[in-house]
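The opening residue of the sequence shown carries number 159 in this note's numbering; numbering runs sequentially from there. Just below is one structure, and these are the notes that go with it.
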Amino acid sequence: MNLNSETIKKDFRRKLIHMFSEDIEGASTLHKYLAFGSLIKEYCAENWLKTNKQYRQSGKKQVYYFSMEFLIGKLLRSNLLNLGIEKECEEALKELGISLSELEEAEMDAGLGNGGLGRLAACFLDSMASLGIPGHGCGIRYKYGLFEQKIVDGYQVEIPDNWLREGNIWETRKDDKAIVVKFGGRVTPIFEEGKLNFKHEDYDQVLAVPYDTPIIGHNNKTVNTLRLWSAETVESDKELDFSFFKHGNYSKAVEYKSSVESISQVLYPDDSQLEGKILRLKQQYFFVSAGIQSILRSYMKTRNPINDLYKYVAIHINDTHPSLAVPELMRILIDEKGLEWDEAWNITTKTISYTNHTIMAEALEKWPISILKNLLPRIFMIIEEINRRFTDKLFAKYPNNWAKVNNMAIINNGKIRMANLAIVGGHSINGVAKLHTEILKRRELSDFYELYPEKFNNKTNGITHRRWLLQANPELAKLITKTIGDKWITQPKSFIDLLKYAKYSSFQDKIYEIKRDNKVKFAEQVKNKYGIVIDPDSIYDVQVKRLHAYKRQILNLFNIVHLYDQLKQNPNLDITPRTFIFAAKASPSYYLAKEIIKLINTVGNKINNDRRINDKIKVIFLENYRVSLAEKIIPCADISEQISTASKEASGTGNMKFMMNGAVTIATLDGANIEIRDAVGDENIVTFGMTAKEVMNYEKNGGYSSRELYDKDSRLHTIVNQIVNGHFGVPSAEFKNIYNHLIERNDEYFIFKDFDSYIKAQEKIDKLYRNKTKWEEMCITNIAHSGIFSSDNTISQYASGIWNARRVNIK
Ligand code: 26V
159 MNLNSETIKK DFRRKLIHMF SEDIEGASTL HKYLAFGSLI KEYCAENWLK TNKQYRQSGK
219 KQVYYFSMEF LIGKLLRSNL LNLGIEKECE EALKELGISL SELEEAEMDA GLGNGGLGRL
279 AACFLDSMAS LGIPGHGCGI RYKYGLFEQK IVDGYQVEIP DNWLREGNIW ETRKDDKAIV
339 VKFGGRVTPI FEEGKLNFKH EDYDQVLAVP YDTPIIGHNN KTVNTLRLWS AETVESDKEL
399 DFSFFKHGNY SKAVEYKSSV ESISQVLYPD DSQLEGKILR LKQQYFFVSA GIQSILRSYM
459 KTRNPINDLY KYVAIHINDT HPSLAVPELM RILIDEKGLE WDEAWNITTK TISYTNHTIM
519 AEALEKWPIS ILKNLLPRIF MIIEEINRRF TDKLFAKYPN NWAKVNNMAI INNGKIRMAN
579 LAIVGGHSIN GVAKLHTEIL KRRELSDFYE LYPEKFNNKT NGITHRRWLL QANPELAKLI
639 TKTIGDKWIT QPKSFIDLLK YAKYSSFQDK IYEIKRDNKV KFAEQVKNKY GIVIDPDSIY
699 DVQVKRLHAY KRQILNLFNI VHLYDQLKQN PNLDITPRTF IFAAKASPSY YLAKEIIKLI
759 NTVGNKINND RRINDKIKVI FLENYRVSLA EKIIPCADIS EQISTASKEA SGTGNMKFMM
819 NGAVTIATLD GANIEIRDAV GDENIVTFGM TAKEVMNYEK NGGYSSRELY DKDSRLHTIV
879 NQIVNGHFGV PSAEFKNIYN HLIERNDEYF IFKDFDSYIK AQEKIDKLYR NKTKWEEMCI
939 TNIAHSGIFS SDNTISQYAS GIWNARRVNI K
């Protein structure tokens, strides 16, 4: 974009007056942010229009990424970077006495996701736009995103995330593109002109109103669209409202309105256990139906034959949450476009593809027939028919093999299995890391793999290096550009050119300095917010991610308590000072996870205030982990904790962000950690613990006793006892759940089993860190190999391997 600071200043002043009748001197930071952001949106408007026009003219395939979650974070800085006007804007603002970072702070995170799955969707949007792939997001415009976390007396307290409070300058409401979604009612089959039709009556209507957000590609004029749907009452239903009023029932009218609007009211905060709530199913059908209807509405304008839909449209479903896309597309093709079943099925399966993100049984979506049938009677009929035809085929192929048919059927035991529906109703299913995909093929979904080997494929996750390095770590980005040029910004594989500098001491020094500066800045922020002093020369050992038993924050904590015990015995113990940094939200109903948060804070409180240990270790729990906090902490990390029980973390993406910012990973052989090890080599990562095979072997055949280890290993014995005997200054009942989990319920995630090798791995890190030259070489090697984990790379593989989508260069 061609803009100079004079133009920007003039435009900015105009915006401030136009929006708030204020000048720069009188406007609050918030108003300045709102005006400045609106200006940036204005700057991209023309390209947004152009992109849409040229997509239509090109006749190229459009990809729609359906996801319940888009964990975007903030957009101001990334939009400036992608438009290529960051410098100019920073300069213009500076001349007006305003700092860009001050405005940035005024922006609210768009926290419309729980964790990895939602953030992946956001990274994919950035990469699709930056690669020039016509790829758009489709989701829900939640009024409240993921809750805000406060820590009160060591406990998590949840506060509603009212992110739209000050308005959202990035979105555009499109009233004229609203769509009606139908719930409930009765469906009756009727014969008309020799054809079987289905009449849907007495349903409730909900209006889906789209809000579009521009997704700006990096310096390529492409502006894709994230379309989020908001639930409202239908205009014609106002009559319904009035009939409430006429009968004097005002509160009924309000009740009705709020029951409709509740559909897009709040993001479900559970990624620990699936909640079979009707409202969640409503949310799923709501955005899927609105999305597919709107896709077909624009497709019909192209005059391409309906049978060719799959040549022009790819619908990707992010986990099973949008898997009603299968019966919904079937419904529209059959009931509204008049196609025969087989034709509709051919189109549907060729259009839809699905990504699996977890093997955790608790997370597999199953909807009770009773709920789905009532809420979506026609959709249920279609699912039944899909299941009937599918199981007929299975019986023909595997006569008398009831177990197999049982395992694969879409409807079973009164429930609809959404993963089975997505696999049968799409042409592709992929896992998110090599190990994960192998586990899907060989274990979880082996029957499906046997039936449809061609559908299975791996697409290892990725992260957008533009947000996670260029934006989050500007000094490192500058150094990289100075060293190897700036082509890494669009061709991340060229990070590898850094490898030849890994042993250069002057380059190592610069890498060290940048990290140290980041650490100093962070230490200041910690001091201001928490009143805790941390030493920038200590090792920053960081575990930030959702709180889950399988992610094993407890294992990390056990190492800390063990170190603390040693330090108490010998305050002069020769260790490099360490700052252990945690941040994690627990699902509000996940008691064990909440207890672990309390335990981390309790242990931290004791350690941080114990003079005897000479500040050798500190424990910090950062409140309210979110995208914008991740952007601050990741560039400071020396060590990246990726310590899930092998086989449980499908991929992980934080692991990639840390390595890209020059942290060394301490890792189990799980998820994408394995691919990180393969890339950097054993010398540049510290691995420990059981393999996935060993874990799965114990799970299958038994033979593990945590109590045995507890009795045998005095370190474990001491730590566990300290936790439950009040040693940390908290009544013993406080951590009963943790105790039961570890001892009574036999330590489901093998913390005790991996404890010894984890301690050794941590000791190894301590040694490695003392050798500055070696350490910096490791950091640089990690950065150099991180290019393959750019989501640009991942998205290229989705585009060629699953979607068959090509780039469109916007002129
Ligand atoms: C996770 C779990 C784990 C504990 C038991 C129940 C349960 C229920 C739901 C979930 C979340 C499932 C979807 C998800 O967020 N998966 C994450 O997807 C990321 C992107 O592919 C991936 O990097 C993470 O490893 C994976 O956990």
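Note that the Cβ used here is the ideal one computed from N, Cα and C, for glycine as well. Keep in mind it's a predicted model, so treat the numbers as computed, not measured.
Indicate whether residue i and residue j have their beta-carbon atoms separated by less than 8 Å.
| i | j | result |
| --- | --- | --- |
| Arg710 | Ala742 | no |
| Lys668 | Pro694 | no |
| Gly810 | Ala788 | no |
| Arg423 | Tyr302 | The identity of residue 423 in the sequence shown is Gln, whereas the question assumes Arg. A contact, by the Cβ cut-off of 8 Å. |
| Gly343 | Tyr361 | yes |
| Val446 | Thr513 | no |
| Gly970 | Leu634 | Here the chain covers residues 159 to 969 and nothing more, so residue 970 does not appear. |
| Ala389 | Ile421 | yes |
| Lys173 | Pro372 | no |
Does residue i come out as helix, strand or coil in the three-state DSSP assignment?
| i | result |
| --- | --- |
| Gln220 | strand |
| Asp840 | helix |
| Gly295 | strand |
| Ala660 | coil |
| His358 | strand |
| Ala635 | helix |
| Arg965 | coil |
| Trp328 | coil |
| Glu781 | coil |
| Glu227 | coil |
| Trp387 | strand |
| Gln431 | coil |
| Asp695 | coil |
| Tyr556 | coil |
| Glu906 | coil |
| Arg323 | coil |
Smallest Cα separation from residue i: which of the options?
| i | options | result |
| --- | --- | --- |
| Val418 | Asn571, Asn558 and Lys340 | Lys340 |
| Ile517 | Gln666, Asn462 and His594 | His594 |
| Glu433 | Lys932, Pro526, Ile953 and Lys555 | Pro526 |
| Ser696 | Leu713, Lys673 and Ile824 | Lys673 |
| Thr618 | His515, Ser652, Ser663 and Leu603 | His515 |
| Phe282 | Arg965, Leu261, Ile953 and Asn272 | Ile953 |
| Asp169 | Tyr201, Gly184 and His358 | Tyr201 |
| Thr346 | Met539, Leu197 and Leu530 | Met539 |
| Ser652 | Leu238, Ser259 and Ile941 | Ile941 |
| Tyr708 | Asp655, Thr803 and Leu731 | Thr803 |
| Trp499 | Lys459, Asn355 and Leu365 | Asn355 |
| Thr826 | Met576, Ile638 and Gln920 | Gln920 |
| Lys573 | Val582, Glu523 and Glu543 | Glu523 |
| Gly271 | Ser285, Ile230 and Leu289 | Ile230 |
| Ala287 | Gly375, Ile256, Gly297 and Leu234 | Gly375 |
| Ala577 | Ile909, Asn559 and Phe606 | Phe606 |
Assuming residue i and residue j are in contact, meaning their beta carbons sit under 8 Å apart, how far apart are those beta carbons, in whole angstroms?
| i | j | result |
| --- | --- | --- |
| Ile968 | Lys208 | 6 Å |
| Asn842 | Met936 | 5 Å |
| Asp429 | Ser863 | With a Cβ gap of about 30 Å, Asp429 and Ser863 do not count as contacting. |
| Trp961 | Val221 | 5 Å |
| Ala681 | Ile792 | Not confirmed; about 15 Å, so no contact. |
| Phe228 | Gly274 | 13 Å between Cβ atoms; not a contact. |
| Tyr783 | Val702 | 6 Å |
| Met159 | Leu241 | 5 Å |
Check whether the Cβ of residue i lies closer than 7 Å to any heavy atom of the ligand 26V, and answer yes or no.
| i | result |
| --- | --- |
| Asn588 | no |
| Ser186 | no |
| Asp429 | yes |
| Leu365 | no |
| His515 | yes |
| Met226 | no |
| Thr803 | no |
| Asp477 | yes |
| Tyr302 | no |
| Met576 | no |
| Ala751 | no |
| Glu602 | no |
| Thr811 | yes |
Is the shortest distance between the beta-carbon of residue i and the beta-carbons of chain D less than 8 Å?
| i | result |
| --- | --- |
| Phe738 | The structure shown has no chain D; it contains just one protein chain. |
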